[in-house]
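Okay, so here's the structure we're looking at.
Numbering (this note's numbering), first residue to last: 1 to 114.
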């Protein structure tokens with residue numbers, strides 16, 4: 001899951017959240033945020049988006065619930081970002097792709113409409 005999460009993150013999320021989840025001037029560092037975020041909260045924020053206003057600044061996280069390239073791989077994204085947050089995955093591409101269980105592959109294919 002970590003390798004796939006890395007690939008999905010760097011295709012859709014890194015534009016705002018920076019490489020490897022380290023943040024940017026307009027989006028938070030997910031490496032810090034994910035240390036205490038449960039899966040349900042993560043799923044809700046990514047699927048529905050979020051708007052934070054404070055300190056004279058407005059941050060908007062768009063909803064990705066209708067983007068199958070993100071939504072169908074939420075498990076992978078969560079595993080990758082949690083691994084980064086707890087130090088189990090260093091910066092950069094994970095060393096190798098682990099084989100996913102068939103049930104996970106079937107779920108992804110079904111979600112993607114295939």
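By construction, the Cβ of each residue, glycine as well, lies at the ideal position given by its N, Cα and C atoms.
Reference residue i, options the options, closest by Cα
{"i": "residue 51", "options": "94, 27, 5 and 91", "result": "27"}
{"i": "residue 108", "options": "83, 61 and 76", "result": "76"}
{"i": "residue 112", "options": "89, 49 and 66", "result": "66"}
{"i": "residue 46", "options": "61, 33 and 96", "result": "61"}
{"i": "residue 85", "options": "91, 1 and 35", "result": "35"}
For residue j and residue i, believed in contact at Cβ under 8 angstroms, the rounded distance
{"i": "residue 70", "j": "residue 8", "result": "7 angstroms"}
{"i": "residue 98", "j": "residue 3", "result": "7 angstroms"}
Residues near residue i in its chain [Cβ-Cβ closer than 6 angstroms; skip 5 each side]
{"i": "residue 5", "result": "76, 77, 79 and 80"}
Alpha carbon of residue i to alpha carbon of residue j, nearest angstrom
{"i": "residue 40", "j": "residue 59", "result": "21 angstroms"}
{"i": "residue 89", "j": "residue 83", "result": "5 angstroms"}
{"i": "residue 20", "j": "residue 63", "result": "20 angstroms"}
{"i": "residue 11", "j": "residue 93", "result": "13 angstroms"}
{"i": "residue 15", "j": "residue 74", "result": "17 angstroms"}
{"i": "residue 95", "j": "residue 48", "result": "32 angstroms"}
{"i": "residue 87", "j": "residue 13", "result": "19 angstroms"}
{"i": "residue 100", "j": "residue 42", "result": "21 angstroms"}
Close Cβ partners of residue i (< 7 angstroms) along its chain, the five nearest in sequence each way excluded
{"i": "residue 22", "result": "29 and 31"}
{"i": "residue 72", "result": "108, 111 and 112"}
Residues near residue i by beta carbon distance below 8 angstroms, same chain, minus five either side
{"i": "residue 18", "result": "24, 27 and 29"}
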